[in-house]
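Written below as structure tokens is the structure these notes are about.
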Amino acid sequence: MTNRTFTIIKPNAVGLGHTGEILEIIEKAGFRILALKMVCLSRSDTEKFYHVHKERPFFRTLNLFMTAGPIVVAVLEKENAVADFRTLIGATDPAKAAEGTIRKRFAESKTRNAIHASDSNENAAWEASFFFTDKEILETTYQLPVSPEEIDKD
Ligand code: CMP
């Protein structure tokens, strides 16, 4: 079934100039980008977004890291999007991430792990709505309203 997932390219990957390369890997793996933007998280945004981790021992450093610079957030579509995208990014801990995964390549540690992915369809919908309105998630595909010759004639 075609469905959606949500991703964050995290501050280290954006800051080190890997955004384009990561988006290329994502598109080449067959994901369609339905929404995309660069934003900065505040401490309170991070607390809300990662509320499920609030009591975890790593929450403080996760918050410090996620507010350290701009992030790129995106909504992605593909068959089996949630599971396939988690496979594409690899394990949370880059030491355990499989060869060829995004985290194996770009993550620096468990916290500075380059990319986030939703872990269920329900969380994907909630996480997407944290950053995007329904109108900003574009279902439309590229379709010329006239022939290519007509578009190119001037
Ligand atoms: P992410 O997929 O964004 O979800 C929660 C984040 O917490 C995780 O990636 C890591 O960046 C961070 N984190 C840091 N330490 C841990 C840990 N021990 N277990 C899980 N997540 C951790």
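Numbered by this note's numbering, the letters in the sequence shown go through residues 24 to 177 in order. We put the CB at the ideal spot given by N, CA and C, even for glycine.
Per the Cβ contact rule, the stretch 43-54 is not in contact with the stretch 69-86 (fewer than 3 Cβ pairs under 8 Å).
In this structure, the beta-carbon distance from VAL96 to VAL75 does not fall below 8 Å. By a beta-carbon distance limit of 8 Å, THR110 does not contact LYS133. Their separation comes to about 19 Å. Counting only the Cα atoms, PHE54 lies some 23 Å from PRO93.
Annotation: MET89 to LEU57 spans about 23 Å, alpha carbon to alpha carbon. Short of 7 Å from the beta carbon of ILE112, and not among the five residues preceding or following it, lie these beta carbons of its own chain, in chain order: THR124, ILE125, ARG126, ILE138, ALA140.
For ARG83, the enclosing alpha helix (DSSP H) has its first and last residue at 82-89. Here ALA147 has ARG27, THR28, PHE29, VAL105, SER141 as same chain residues with Cβ atoms under 7 Å from its own Cβ, once five neighbours each way along the sequence are excluded. In terms of Cα proximity to LEU39, the closest of GLU70, ARG128, PHE108 is ARG128. The Cβ neighbour count for VAL169, taken over all protein chains shown within 10 Å, is under 16; the residue is labelled exposed. Per DSSP, the unbroken beta strand (DSSP E) holding ILE56 starts and ends at 55-62.
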